[in-house]
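>
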């Protein structure tokens, strides 16, 4: 089954404690991205990757890091989480970034930073 | 200025009616347009995409695109309570990333 898998689904952490949210896709997609979703603000892109070892900032990259060492994985790293990073996070993948490329989303990770 | 504007709603329609969801955008270079449906607490799922001016129909859903006026809309015919969700408009310019609107919450009343 084609899917994008995120882990964990729920996470409560404390300010400053480094964490990683994993994302894996089994569709051999080149393009992967991370979004955060906050009430009234919709989905905002954090980082995206066009292919292995190719990453770039989205609209709200501050406080986040990513890496793309393998095509299937695109982890999101919060080196020193802060309460304003409390949000619902989605990983997405698509075949490319060209015309019509649909984004498939993971199940989401609800992060709370206290 | 926000690139993609949607009426946040909530929009309520009676069962069986036509629900009309609208989206305007500012970037004339946008080439691909998508409508995603998101149930509460779930991830977005694609329901329609459109590239060319005009209408595109898929079952009970019709997407309408007018590039000159910079709007895209989604019509849901014979609305069902199961259509109650937030509908996200998204667009893509060339090979850039998707840009999403903030979504319109739709409630279909039985």
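Chains as they are written, first to last, in the working numbering: chain A, 1 to 114; chain B, 1 to 110. The beta carbon of each residue, even a glycine, is placed where N, CA and C say it ideally should be. Everything numeric in this text was worked out from a predicted model, so none of it was measured.
Specify the secondary structure class of residue 14 of chain B as computed by DSSP and reduced to three states.
Here residue 14 of chain B sits in strand by DSSP.
> Mind checking if residue 103 of chain A is an interface residue toward chain B, Cβ cutoff 7 Å exclusive?
At least one chain B Cβ lies under 7 Å of residue 103 of chain A.
> Could you give the C-beta distance for residue 47 of chain A and residue 33 of chain A, rounded to a whole number, given that I count them as a contact under 8 Å?
With a Cβ gap of about 7 Å, residue 47 of chain A and residue 33 of chain A count as contacting.
> Can you check which of these residues, B/70, B/103, B/75, is closest to residue 111 of chain B by C-alpha distance?
Chain B is shown only over 1 to 110; residue 111 of chain B falls outside these bounds and no answer can be derived.
> Would the stretch 66-77 of chain A and the stretch 6-15 of chain B be scored as touching if the rule is three or more Cβ pairs under 8 Å?
Taking 8 Å as the limit for Cβ pairs, the verdict is that the stretch 6-15 of chain B does not touch the stretch 66-77 of chain A.
> Might you give, ordered along the chain, the residues of its own chain that have their beta carbon closer than 6 Å to the beta carbon of residue 37 of chain A, omitting 5 neighbours on each side?
Taken in chain order, the residues that qualify are 43, 88.
> Where do the ends of the beta strand (DSSP E) carrying residue 31 of chain A lie?
Residues 31-38.
> Straight-line CA distance for residue 97 of chain B to residue 18 of chain A?
Approximately 27 Å, taken between the alpha carbons.
> Does residue 51 of chain B pass the burial test, meaning 16 or more other C-beta atoms within 10 Å, or should it be called exposed?
The residue is exposed, with fewer than 16 neighbouring Cβ atoms inside 10 Å.
> Does residue 73 of chain B come within less than 7 Å of chain A when only Cβ atoms are used?
No, its Cβ sits nowhere closer than 7 Å to a Cβ of chain A.
> Compare the C-beta of residue 61 of chain B against all C-beta atoms of chain A and say whether one is closer than 7 Å.
No, no contact with chain A.
> Indicate the three-state DSSP secondary structure (helix, strand or coil) for residue 30 of chain B in the structure shown.
In this structure, residue 30 of chain B counts as coil in the three-state DSSP scheme.
> Hey, would you say residue 85 of chain B sits closer than 7 Å to residue 31 of chain B, going by beta carbons?
No; because the gap between Cβ atoms is not below 7 Å, this pair is not in contact.
> Who does residue 54 of chain B pair with in a DSSP beta bridge?
The partner list for residue 54 of chain B (beta bridge, DSSP) reads B/65.
> In angstroms with no decimal places, state the Cα-to-Cα distance between residue 19 of chain B and residue 77 of chain B.
Near 7 Å, if we compare the C-alpha coordinates of residue 77 of chain B and residue 19 of chain B.
> Can you list, in chain order, the residues of its chain whose CB lies under 6 Å from that of residue 93 of chain A, leaving out five sequence neighbours each side?
Excluding residues within five positions, the ones whose Cβ falls inside 6 Å are 4, 25, 29, 32, 104.
> Where do the N-terminal and C-terminal ends of the beta strand (DSSP E) with residue 103 of chain A fall, by residue?
Run containing residue 103 of chain A: none; DSSP gives neither H nor E here.
> Along the stretch 20-45 of chain A, where does the CB come closer than 7 Å to a CB of chain B? Name the residues.
Correct list: 33, 40, 41, 42, 43, 45.
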